[in-house]
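So my numbering is basically just the index in the sequence shown, starting at one, shifted up by 1.
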Amino acid sequence: MAGHPAYILYTVLMGIALLIGGIALLASRRNKVVFRVFVASLPVFLAVQCYYWIPDANRYAKGYLFPSRTYSCADAEELRDLVLPLPRRTVLTGKEDACSPNYATPWGIEAYRSFYKDELEALRSRGVIREYRYIEAKESGRTVRWSYVAVLPSGSELEILLREAEGSGLMTIDYKENQGTPSA
């Protein structure tokens, strides 16, 4: 099920509107305008229902209409000025007001590696991060997780993790604060 409880109310209200349109169509049999409006409303109704109830369709539409362009977090002092670009058509899947680290991206592993290699290299050359490294995790002989770990000037780490899931990726950005003294 797609992510918002209000979708149930929207679906019921749209169904009622469609029912009223059908009744209006039956009541005015000869009115071509009512017929055309009713016929035009059916594909709109179906498209909206797909958006509401099919998570892949929801993410696909959001990726084009309302993509997340950057990761930023005002909760951690160290991350307030850090703006980490996200790949095109990446969609936030968590809460917007809580430094949510959860995203869905349509890009595969090669595009992910290429994008973040370039972006992290640019951040390193500007002095925003100290260094970065690439890590692959394997289970049962096959790679299931890919991540870049960016080390901030304080020694804290920002891990950008991609897990592959049926044609798209689930991306997580995890901040690990440095508990000790910063190393040079």
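Ideal placement from N, C-alpha and C gives every residue a C-beta, glycine not left out.
Could you tell me the distance, in whole angstroms, from the CA atom of residue i to the CA atom of residue j?
| i | j | result |
| --- | --- | --- |
| residue 40 | residue 68 | 31 Å |
| residue 90 | residue 37 | 35 Å |
| residue 78 | residue 176 | 12 Å |
| residue 121 | residue 113 | 12 Å |
| residue 31 | residue 21 | 17 Å |
| residue 9 | residue 74 | 31 Å |
| residue 141 | residue 165 | 15 Å |
| residue 72 | residue 95 | 12 Å |
| residue 111 | residue 44 | 36 Å |
| residue 180 | residue 14 | 52 Å |
| residue 7 | residue 118 | 40 Å |
| residue 125 | residue 70 | 20 Å |
| residue 16 | residue 64 | 27 Å |
| residue 5 | residue 160 | 28 Å |
| residue 136 | residue 123 | 19 Å |
| residue 66 | residue 109 | 20 Å |
| residue 24 | residue 60 | 34 Å |
Less than 8 Å separating the beta-carbons of residue i and residue j?
| i | j | result |
| --- | --- | --- |
| residue 88 | residue 46 | no |
| residue 76 | residue 100 | yes |
| residue 178 | residue 157 | yes |
| residue 174 | residue 107 | no |
| residue 26 | residue 34 | no |
Relative to the C-alpha of residue i, which residue among the options is closest?
| i | options | result |
| --- | --- | --- |
| residue 62 | 93, 33, 13, 76 | 93 |
| residue 11 | 33, 34, 49, 43 | 49 |
| residue 42 | 140, 25, 19, 60 | 19 |
On the premise that residue j lies in contact with residue i, defined as a C-beta separation below 8 Å, what is that separation, rounded to the nearest angstrom?
| i | j | result |
| --- | --- | --- |
| residue 105 | residue 171 | 6 Å |
| residue 138 | residue 146 | 4 Å |
Does any residue of chain D have a CB that is nearer than 8 Å to the CB of residue i?
| i | result |
| --- | --- |
| residue 47 | As a matter of chain content, chain D is missing from the structure shown, which is built from one protein chain. |
When you compare the region 41 to 57 with the region 73 to 93, are there three or more beta-carbon pairs, one atom per stretch, that lie closer than 8 Å?
Between the region 41 to 57 and the region 73 to 93, the count of Cβ pairs shorter than 8 Å is below three; the stretches do not touch.
Answer yes if the region 121 to 131 comes into contact with the region 146 to 153, meaning at least three C-beta pairs across the two stretches below 8 Å, and no otherwise.
Touching, yes.
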